[in-house]
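**Student:** There's a structure below that I have some questions on.
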Amino acid sequence: MPAAVVPTVRIQREDFDVAAEIARLTQGRADIGAVVTFSGLCRDEQGALSALELEHYPGMAEAEISRIATEAVQRWPLQGLTAIHRHGKIAPGDNIVLVVAASAHRQAAFEAANFLMDYLKSRAPFWKKEHRTDGSEGGWVEAKEADARAAQRWKPSE
Amino acid sequence: MTTRLIYFAWVRERIGLPEEDVDLPAGIETVADLLRWLKSRGEGYEHALQYPDVIRVAINQEHVEHREKIAGAREIALFPPMTGG
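Going down the list, the protein sequences come from chains A and B.
Per full-length UniProt numbering, the very first residue in the first sequence carries number 1; after that it's consecutive.
Per full-length UniProt numbering, the very first residue in the second sequence carries number 1; after that it's consecutive.
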């Protein structure tokens, strides 16, 4: 039996390099047939946002994403899994989160990346606060019911 | 026993503290008991915990339900629903 894949989880202030993170999983091996990446970016819909400030719970943020990632490698046959989440002030257009899932075939990589993002959204301890271009605080972003429902669909049916 | 309480996002802002160490009075057995007790500690707490059902809680850095017992908890965190990703 092959050794279990240990996911890489990083919580960091600095940006990440998507190509470098893919290379970290695929370099020096030929058994990976599929790599799925998801990047989440800071979005500004009305031109009024100067930045999102991401607060996190140090320690628990790593622990919770690691728990979710460990569940993903148990559920799908993966050859590698990386999750990176940034904190601090992030400008519109900049990266917030990255998931890289590597597998022999695409289905497992797609599903694992999707699962990881759905769970991360509703369980990883991060909170977004808006800063507006006019200098005012825009307040805390509200959690979406749709994100909670998205996580529910991965629950095994009884 | 002293318990460390940690607050995040608007819970932190409304209470006006990032964290504090408290000696829990006798009779505080569950997370729901803790929220009820905290709410009575002043205006900021009342504002933060006005709707206790929406408050998420982690004990020793793991999510728990409000019915969970808090005996032995070193660190209890209170925060709004999460909005990362």
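Each residue gets a CB set at the ideal place from its N, CA and C atoms; glycine is no exception.
The structure presented is a predicted model; accordingly, all values stated were derived computationally and were not measured.
B:T3 bridges to which residues according to DSSP?
**Tutor:** B:V22
**Student:** A:T82 to B:A26, Cα distance in whole Å?
**Tutor:** 45 angstroms
**Student:** Using the beta-carbon of each residue, which ones in chain A are nearer than 7 angstroms to B:W37?
**Tutor:** Neighbours of B:W37 on chain A: none; closest Cβ ~22 angstroms, over 7 angstroms.
**Student:** Following the continuous alpha helix (DSSP H) through B:H47, name the residue where it begins and the one where it ends.
**Tutor:** 43-48
**Student:** Is it the case that the Cβ atoms of B:G44 and B:G84 are separated by a distance below 7 angstroms?
**Tutor:** no
**Student:** Report all residues from its chain with a CB closer than 7 angstroms to the CB of A:E62; omit the five preceding and five following residues, and keep chain order.
**Tutor:** V9, I11
**Student:** Taking 7 angstroms as the threshold (beta carbon to beta carbon), is A:Y119 in contact with chain B?
**Tutor:** Chain B, which has no Cβ nearer than 7 angstroms to the Cβ of A:Y119, makes this no.
**Student:** Give a yes or no on whether 7 angstroms exceeds the smallest Cβ distance from A:E55 to chain B.
**Tutor:** Yes, its Cβ sits closer than 7 angstroms to a Cβ of chain B.
**Student:** Could you give the distance in angstroms between the alpha-carbon of B:R12 and the alpha-carbon of A:W154?
**Tutor:** 32 angstroms
**Student:** For a contact defined as C-beta to C-beta under 7 angstroms, what are the partners of A:G59 on chain B?
**Tutor:** Q61
**Student:** Does the region 19-38 of chain A touch the region 96-113 of chain A, meaning 3 or more C-beta pairs lie closer than 8 angstroms?
**Tutor:** yes
**Student:** Just checking: is the beta-carbon of B:G27 within a distance shorter than 7 angstroms of some beta-carbon in chain A?
**Tutor:** Contact of B:G27 with chain A is not assigned, every C-beta pair being separated by 7 angstroms or more.
**Student:** Given a threshold of 16 other Cβ atoms within 10 Å of its Cβ, counted over all protein chains shown, does A:M117 qualify as buried or as exposed?
**Tutor:** Under this definition A:M117 is a buried residue.
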